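Those protein sequence lines, which keep their order, are chains E and A.
Count the first sequence with the working numbering and you get residues 257 to 421, in order.
Count the second sequence with the working numbering and you get residues 73 to 607, in order.
Where a beta carbon is used, it is the ideal one built from N, C-alpha and C, also for glycine.
Bear in mind that the values here come from a model prediction, so they are computed numbers and not experimental data.
Read the structure below first, then the notes.
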Amino acid sequence: MDNQKLKEEYLTLYDELSDPLFRHCYFRVSNRDVARDMVQDTFIKTWQYIAQGKDIGNLKAFLYKVANNLIIDYYRKKKSDSLDVLEEEGMVFRTEDDNLFSTAEASVVLKALQSLEDKHREIIVMRFLNEMSPREIGEILGQSENAVSVRLNRALKKYREVLNI
Amino acid sequence: MNEEMNKKIELLKKVSLRLSEKQEMKEKISRFIDLTPVTGNSTSRPIQQRSYSGLFTSFQSLRFMPALLILAVLVGGGVSFAAEGSLPGDTLYPIKLNVNEEVAAALDFSSEAKAKRQAALAEKRLEEAVTLAAEGKLTTEAKEQLALNFEKHAEKFEEHIEKVSTDKDSKTSAELSSEFEASLNAHETILNDIEGETEGSVKIAFRIGNKAKEVSGTRESFETKVKGESETNVRANAEGKMKAAENKIEEVRKFVALSSEADAYTGVDARAKTEVANDTAILPMSLSQTTELTASATATVKSKVEEKFQAAEEAFQEGRAKLEASLYGEAFALFQKAIRLSQEAKIVSNIESKLKASGEEKKSSNTEIKVKNRIEGKATTSQNLRSLMQFIGIGEEAKNDYLGVESDQPIGLPACKSDIEGHYKIAVKYVSSNYSGNTVIKESALIKGTCNNLNNASTEFKVVGAKSELIGILTVDGETLKVTFNAVSKPLLPDPTTLPIPSVTGTTSGTINTQGGSSGINTNTQVTNTVQVGI
C-alpha cells in the first residue's frame, strides 16, 4: 500500500464521515466554528497515528474516539480558563447558529435535543442522525451492545418527554 | 421510532458542514498528509477491508520488533518535536519557528482561531524571553530575535482581529484584544523587573509596552462598536460581562491567595532542599543565579499583583455604577477592564511561581514524584491532633507506618473552623519529579479542600516528553484518605506518540514537623511524601 493510495482512501473516508463527525461535535459543543475545527483536528490527529504505523483497529471508531477526546479537552480547557467563558459560551445554546434552521419547528427540535443530558444527546446523535449500529456505538463508547440499547431507550424516552410526543 | 420522531430527526440532519468548508478542509488535510508521510515499513503494510462500506476500517501494522519501532519513531519527525522545547540560541530553535509553528498555524480555520493562534505565538516569545532572562541568558541578539518575532505575530493578530469583527462580532474582537492586552501587560511587568538589573541594551519590556498600547487602542475601537449596537444588545452584553468579571475576580482572588500561601510554604521547603543540594555533587550553574534573581524581584512583583488586583476591583465597582446609571457601553468596557486587570495579576503571579519552581526542578535525580501534603486547622484536643497527623498519611489505606500509629478505623478530617479567606482543610503541592530526561513543568495545587465543602486536594504536573505531554494528577481524598494517581498522555503536534503512563508502585516515606502556634492551638503539620513511580 503506497502513500498515495492510503491518502485517497483516507480522503474518501473524510467525504463520508466529515458530516456525521461534525454533527457529533456540534451537538456537544453548540458552536459551529468549534465543531468544524474539531472535525479537522480529528482527521489530522488520526492521520498522525496512521503515519506512525500504529495499529488503529476500527478506523471509524477511532475517529469518533479522537473526536470525543477533543470534546473533553475543550471542556477541560474551558473550565480551567475561567468560569465566565464557560458561562458565556459553553452552556447556553447560541442563537447565532440558528441560521442552520430556517423553520421554527427545526429550532424547537434542536433546542429539545440540546436540553438533554450529554450522554443521552450523544447516543441519539450517533444512532439516529449518524445511523450507526449499536455495535459500532458500543465499540466507540467502550460498552456492550446491550448497554448501548438500554441507554438509547432511556435517551429516546427523555427526548420524547421533552418534545411532548 | 414513530413517524413523528422520524420527521424530527430528519430535520436535525440538516446540521452539516457547508460544501465550501468541507472542500477547504479536505485540501488542508490533504496537504497535511503530504507533509506527514507514513513512516516505517509502510509500503508493505496490509490494510484490511472490513464491513464498513468497503472502505478500509482497520490498520494493522506489521509486528515490528521493538528496536525497529523505535527507529521508525526517531526517523519520523523526531527533529521537529525535539525542537519544540528549544530556546533562541539553540540549534533547533529555527525549526520550531519555521516548521512546527508554521504547520500548526496553517491548519487554523476561522479568523477567530487564527487570531488566537497569533496571540498565543506572540505570548510564547514572551515566555521564552522570561525563561532566558531568568537564566541570565537573554543576550542582545536573542532579545532582538524574540522582539522581532513577537512583533510579527502581534501584527498578524491585529490583522485577524479585524476580520473576526466582520466574520463574527465586535464583542469577540474586543474580548480577544483585551485578553491579549492582559498578557502583554503582565509580561511587560515581569520583564521590566528582571531587565531592570541589566543595563545598556534596549529593553524588550519597552517594545512589549508599545505593542500593548496599540492593542489597547484596537480594543477601545471595538468597544466603541459594541457600545453602538442596539440598546438591548449592549445591555445584555454588559450584564453578561458583569457576571464574568465577578467570577474572574473571585477566581483570581483565590488563585493569588493560594499561591502566596504556597510561597510561604516553599520557604520551609527551601531549607530541606538546601540540604539535598549539598549532597548533590552536580548542580547546574544557572541555579544560583535564578534564585537570586527571583528573590530580588519577588517583593516588587508581589505589590504589582496586589496593585493590579485592587485596580480590577475598582474597575468592577465603577462598572456597576455605570450599569445602574444605564450607561451600558461604558459598563461593558469597565467590566472588561476588571477582567483584564485580574488576568494580569494572575499571569504575573503565575510566572513568578514558575520561575521559582524552575530552580528546584533541576535538582531532582530519581524517577519519583514528591508531593507535600499540608493540613491546616485548629486542633483543640490531643485526639484531634492525632487525627491531624494520621490524616496526612499517603499511600495504600493510609497505614501511617512511619507515625507508629495503628489506625484500623477511618479517620475523619478534623473540624475546620477557620473563617479566614484562603484557609483550607487540606492542600497538596507537587514538589518535584524526574521523568528521565524529559522536562517537567510544575503546577501548583489546583484544588484545595475548603472548610465548607471540598474534602480533597489534588496537584497537577506536566511532563513534556519526546513526543507527547503527560499530565499527572495526584489526588488526596479527604474521606477515604487514599491517594490516587492519574495520568493522561496527550500526543503533541506535529508528530505525537504516547509517553508510557506510569504506575504507582512504591509507598511513601516522610517526616513530620509539628509546630505549635503561640497558644499551642494552631497546628501546622507538614509531610513530604515520595511516591515512587515506575515506567
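Exercise. Does the segment 288 to 301 of chain E come close enough to the segment 268 to 279 of chain E to have 3 or more Cβ pairs within less than 8 Å?
Worked result: The segment 288 to 301 of chain E is in contact with the segment 268 to 279 of chain E.
Exercise. Chain E partners of residue 85(A), CB-CB under 7 Å?
Worked result: By Cβ distance, chain E contributes 385.
For this session: Please list, in chain order, all residues of the same chain as residue 390(A) whose beta carbon is under 8 Å from its beta carbon, the five residues on each side excluded.
Result: Cβ within range, chain order: 406.
Problem set entry | alpha helix (DSSP H) segment containing residue 220(A), residue limits | Annotation: the continuous alpha helix (DSSP H) that includes residue 220(A) extends over 212 to 239.
Exercise. With DSSP run on the structure shown, which of helix, strand or coil describes residue 300(A)?
Worked result: Note: residue 300(A) maps to coil in three-state DSSP.
Problem set entry | Where residue 108(A) meets chain E, residues with beta-carbon distance less than 8 Å | Using a Cβ-Cβ cut-off of 8 Å, residue 108(A) is close to 303, 304, 307 of chain E, given in chain order.
Exercise. Would residue 324(E) count as contacting chain A if we go by Cβ distances under 8 Å?
Worked result: Closer than 8 Å to the CB of residue 324(E) there is not a single CB belonging to chain A.
For this session: Alpha carbon to alpha carbon, how far is residue 253(A) from residue 82(A)? Give it in angstroms, no decimals.
Result: Between residue 82(A) and residue 253(A), the C-alpha separation is close to 45 Å.
Exercise. Looking at chain E, which residues of the segment 184 to 200 of chain A have a Cβ within less than 7 Å of any of its Cβ atoms?
Worked result: Listed in chain order, the positions of the segment 184 to 200 of chain A with a beta carbon within less than 7 Å of a beta carbon of chain E are 184, 185.
For this session: Check residue 398(E) in the structure and name its three-state DSSP category.
Result: Here residue 398(E) sits in coil by DSSP.
For this session: Can you give me the Cβ contacts of residue 386(E) inside the same chain, cut-off strictly under 7 Å, excluding the 5 residues immediately before and after it?
Result: Listed in chain order, the non-local C-beta contacts of residue 386(E) below 7 Å within the same chain comprise 276, 279, 280, local neighbours out to five positions each way being set aside.
Problem set entry | Assigned secondary structure, residue 314(E) (DSSP; H/G/I helix, E/B strand, else coil) | It is a strand residue.
Problem set entry | DSSP state of residue 180(A) mapped onto helix, strand, coil | Residue 180(A): coil per DSSP, three-state reduction.
Exercise. For the segment 258 to 271 of chain E, which residues have a CB atom closer than 8 Å to at least one CB atom of chain A, in sequence order?
Worked result: Residues passing the 8 Å Cβ filter: 258, 259, 262, 263, 265, 266, 267, 268, 269, 270, 271.
Problem set entry | residue 357(E) at chain A interface by Cβ criterion, 8 Å | Note on residue 357(E): pLDDT 48, under 50, position unreliable in the model; the coordinate value appears next. Yes, residue 357(E) counts as interfacial toward chain A.
Exercise. Per DSSP, what kind of secondary structure is residue 421(E) in: helix, strand or coil?
Worked result: Here residue 421(E) sits in coil by DSSP.
Exercise. How would you call residue 78(A), buried or exposed, if buried means at least 16 neighbouring beta carbons within 10 angstroms?
Worked result: Answer is exposed; the Cβ neighbour count stays below 16.
Exercise. Going along chain E in order, which residues have a C-beta closer than 7 Å to the C-beta of residue 105(A)?
Worked result: Within chain E, the residues whose beta carbon sits less than 7 Å from that of residue 105(A) are 263, 266, 303, listed in sequence order.
Exercise. So, helix, strand or coil for residue 129(A), using DSSP?
Worked result: Residue placement at residue 129(A) is flagged as unreliable, the pLDDT there being 29, under the threshold of 50; the coordinate-derived value follows with that caveat. In this structure, residue 129(A) counts as strand in the three-state DSSP scheme.
Exercise. Under the rule that 16 or more other beta-carbon atoms within 10 Å means buried, what is residue 213(A), buried or exposed?
Worked result: With fewer than 16 other Cβ atoms within 10 Å, it is exposed.
Exercise. Between the segment 275 to 290 of chain E and chain A, which residues of the former have CB atoms less than 7 Å from a CB of the latter, in chain order?
Worked result: Per Cβ criterion, the list reads 275, 278, 279, 282, 289.
Exercise. DSSP three-state call for residue 295(A): helix, strand or coil?
Worked result: Note: residue 295(A) maps to helix in three-state DSSP.
Exercise. How is the alpha helix (DSSP H) around residue 95(A) delimited, first residue to last?
Worked result: Annotation: the continuous alpha helix (DSSP H) that includes residue 95(A) extends over 91 to 107.
For this session: Mind checking which residues open and close the alpha helix (DSSP H) that includes residue 255(A)?
Result: Residues 242 to 267.
For this session: Compare the C-beta of residue 181(A) with all C-beta atoms of chain E and state if any pair is closer than 8 Å.
Result: Yes, because at least one Cβ of chain E sits closer than 8 Å to the Cβ of residue 181(A).
Problem set entry | Beta-carbon neighbours of residue 610(A), restricted to chain E and to distances below 8 Å | Because chain A spans 73 through 607 in this model, residue 610(A) falls outside it and cannot be assessed.
Problem set entry | Among 205(A), 310(A), 218(A), 233(A), nearest to residue 183(A) - alpha-carbon criterion | Residue nearest to residue 183(A) within the set 205(A), 310(A), 218(A), 233(A) is 233(A) (criterion: CA-CA distance).
Exercise. If you draw a straight line from the C-alpha of residue 324(A) to the C-alpha of residue 409(E), how long is it?
Worked result: One Cα belongs to residue 324(A), the other to residue 409(E), and the distance between them is close to 44 Å.
Problem set entry | Proximal residues to residue 275(A) (C-beta, below 8 Å), its chain only, five neighbours per side dropped | These residues qualify, in order along the chain: 263, 264, 267.
For this session: Would you mind telling me which residues of chain D sit closer than 7 Å to residue 98(A), beta carbon to beta carbon, in chain order?
Result: Considering every chain present, this structure includes no chain D. Its protein chains are E and A.
Exercise. Got a sec: is the Cβ-Cβ distance from residue 404(E) to anything in chain A below 8 Å?
Worked result: Judged by the 8 Å Cβ criterion, residue 404(E) is not in contact with chain A.
Exercise. Which chain E residues are close to residue 93(A), counting only those with a beta carbon under 7 Å from its beta carbon?
Worked result: 292, listed in chain order.
Exercise. When you compare only the Cα positions, how much space is there between residue 355(A) and residue 223(A)?
Worked result: Note that residue 355(A) scores 26 on pLDDT, short of 50, meaning its location in the model is unreliable; the coordinates nonetheless yield the value given after this. So the alpha carbons of these two residues sit roughly 36 Å apart.
For this session: In the DSSP assignment, find the unbroken alpha helix (DSSP H) run with residue 78(A) in it and report its ends.
Result: Counting along the chain, the alpha helix (DSSP H) containing residue 78(A) begins and ends at 75 to 84.
Exercise. When the Cβ atoms of the segment 372 to 380 of chain E are set against those of the segment 299 to 310 of chain E, are three or more pairs found closer than 8 Å?
Worked result: Because the criterion of three Cβ pairs below 8 Å is not met, the segment 372 to 380 of chain E and the segment 299 to 310 of chain E do not touch.
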